[in-house]
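Under UniProt numbering, the first sequence has 33 at position 33, and the numbering climbs by one with no breaks. For glycine and all other residues, C-beta sits at the position ideal for the given N, C-alpha and C. Remember, it's a predicted structure, so these values are computed and weren't measured experimentally. Comments concern the structure below.
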Amino acid sequence: MVQQEVRKGPWTEQEDFKLVSFVGLFGDRRWDFIAKVSGLNRTGKSCRLRWVNYLHPGLKRGKMTPQEERLVLELHSKWGNRWSRIARKLPGRTDNEIKNYWRTLMRKKAQDKKRGEAASSSTPTKPSSSVHSSISVSSKKHEVDPHASKKAGEESFYDTGGASTQDEGEGEFSMDDIWKDIDMSEENNSFVYGESEEGCNPSASSWEYCYDHLWVMMDEEPYFYALSG
DNA sequence: AATGGGAACAACCGCGAAAAT
DNA sequence: GATTTTCGCGGTTGTTCCCAT
């Protein structure tokens with residue numbers, strides 16, 4: 001049998017739309033099934049990743065807040081590289097995001113250390129540029145702002161609040177539209193999302209989307225709030 | 001104005017665990 | 001109970017963007 005080649009690489013808006021639609025229909029569990037029926041030539045794995053890290057509603061985007069940064073450091077010291085576990089304590093953040101953040105932080109630290117050593121052996125007065133103090137990594141790039149944008153075309157696309165300003169033609173819809181669309185089709189019966197009993201379906205990251213359209217944590221109370229509150 | 005380096009983000013891969021058959 | 005399939009996690013790499021020089 002001739003198998004269609006599996007697509008890889010960046011997702012298009014059309015693909016996103018399809019995926020969101022099918023997750024709305026079948027829930028965010030049966031990835032292999034969704035990958036097949038949706039006609040996306042993607043693996044279930046790829047679909048899941050895209051959903052969890054990017055399309056999942058309730059995701060925060062933009063730079064980590066100082067509280068989140070602190071929490072990540074604290075939890076990492078406790079649990080090590082248990083990214084998914086750490087992510088569960090930071091509502092709206094994904095393990096991938098935290099992992100990336102941590103990696104960047106460590107790299108910065110390493111570099112800084114190196115520079116510091118080099119400086120002390122040659123020109124001792126030279127100040128090191130960035131992160132010497134452990135936490136405040138807030139870089140010049142993004143302010144502490146959930147709406148902080150990064151790449152052009154992305155911010156508006158995934159930021160449910162923003163107007164769509166995509167500049168690379170092709171897709172004419174935004175995530176806003178996608179969610180509106182889903183909402184419309186689900187409007188009458190909560191969020192179809194998952195055929196689980198209560199109309200709520202525990203997702204991989206232990207979030208739930210319930211009748212009232214509120215995302216709530218499943219397993220433990222959001223540590224984040226406890227700490228920052 | 002051009003360019004090089006660093007930071008942030010997106011996505012893939014491999015492996016192990018859990019669930020289904 | 002054994003085998004197969006699917007899912008989730010952690011590690012890694014590639015790409016894009018921004019800032020400083």
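Three-state class that DSSP yields for residue i in the structure shown
i: SER156; result: At SER156, the pLDDT of 32 sits below 50, so the modelled position is not reliable; the number obtained from the coordinates is stated separately. Residue state, collapsed to three classes: helix.
i: ARG85; result: helix
i: PRO91; result: coil
i: HIS76; result: helix
i: PRO66; result: helix
i: LEU19; result: helix
i: LEU40; result: coil
i: residue 235; result: Within the shown structure, residues of the chain are numbered from 1 to 229, placing residue 235 beyond reach of any answer.
i: ASP32; result: helix
i: ARG61; result: coil
i: GLY24; result: helix
Rounded distance between the beta-carbons of residue j and residue i, thought under 8 Å
i: LYS18; j: SER38; result: 5 Å
For residue j and residue i, the rounded distance between their alpha carbons
i: residue 271; j: GLN111; result: No statement about residue 271 is possible, as the shown extent of the chain runs from 1 to 229 and does not include it.
i: ASP32; j: LYS113; result: 45 Å
i: LEU55; j: ASP28; result: 11 Å
i: ILE34; j: LYS109; result: 42 Å
i: ARG107; j: VAL6; result: 34 Å
i: LYS99; j: LEU105; result: 10 Å
i: GLU15; j: LEU75; result: 35 Å
i: ASN41; j: ARG30; result: 15 Å
i: PRO10; j: ARG48; result: 14 Å
i: ARG26; j: LYS36; result: The sequence shown places Phe at residue 26, not Arg. Straight-line Cα distance between these residues: approximately 12 Å.
i: ARG103; j: PHE22; result: 33 Å
Nearest candidate by alpha-carbon position, reference residue i, set the options
i: LYS63; options: PHE26, GLU97, ARG7; result: GLU97
i: SER84; options: ASN53, ASP16, TRP31, GLU5; result: ASN53
i: LEU59; options: GLY27, ASP95, LEU40; result: ASP95
i: VAL20; options: ARG50, THR43, GLY9; result: ARG50
i: ARG61; options: VAL23, TYR101, PRO10; result: TYR101
i: GLY24; options: PRO57, ILE86, THR43; result: PRO57
i: THR43; options: PHE26, PHE22, LYS8; result: LYS8
Distance cut-off 7 Å: residue i Cβ against heavy atoms of the ligand COA
i: LEU75; result: With respect to the ligand COA, the structure offers nothing, as it holds no ligand at all.
(request) Flag this pair as touching only if the segment 86 to 93 and the segment 57 to 74 have three or more C-beta atom pairs under 8 Å; answer yes or no. (result) In short, these stretches touch, since the Cβ pair count reaches three.
(message) For the pair the segment 78 to 85 and the segment 53 to 68, tell me if three or more CB-CB distances fall below 8 Å.
(response) The segment 78 to 85 vs the segment 53 to 68: no contact.
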